[in-house]
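S.K.:
In the working numbering, the protein residues as written are 3 to 117.
Right under this line is the structure:
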């Protein structure tokens, strides 16, 4: 089990889910996007529940290993769904300029073109 720590709370979830959330958070941050994911969590009395967590570059998260034996029943299913969302992201980042737009500059000292 791992604790997923956000600005608004700390949530006890399965190892696979916590790792998938980190992977998706990183992919979203690289694309400057955000999303909401629902993850299974363990409650303070051992009950099962879920929480919706907003992920994005401006919303830091952390994961801490928790030494607890009970596992979340649908951990692998939740992790697979989150990883699928991460892999489905279509990159939107673009280059600041096209390399064809860079002018060629001749350097007379070394008698070659500089780029």
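Built from N, CA and C at the ideal position, the CB exists for glycine as well. It should be emphasised that the depicted structure is a prediction, and the values quoted were computed from it without experimental measurement.
Would you kindly check if the distance between the Cβ of residue 25 and the Cβ of residue 63 is under 9 Å?
M.R.: Going by C-beta atoms, residue 63 is not nearer than 9 Å to residue 25.
S.K.: State the CB to CB distance for the pair residue 46 and residue 76, rounded to an integer number of angstroms; the pair is presumed to be in contact (CB under 8 Å).
M.R.: Residue 46 to residue 76, Cβ: 19 Å. No contact.
S.K.: For residue 92, which of helix, strand or coil comes out of DSSP?
M.R.: Of the three classes helix, strand and coil, the one that applies to residue 92 here is coil, per DSSP.
S.K.: Residue range of the beta strand (DSSP E) that residue 15 falls in?
M.R.: Per DSSP, residue 15 belongs to the beta strand (DSSP E) from 12 to 15.
S.K.: Put residue 68 into one of helix, strand or coil per three-state DSSP.
M.R.: In this structure, residue 68 counts as coil in the three-state DSSP scheme.
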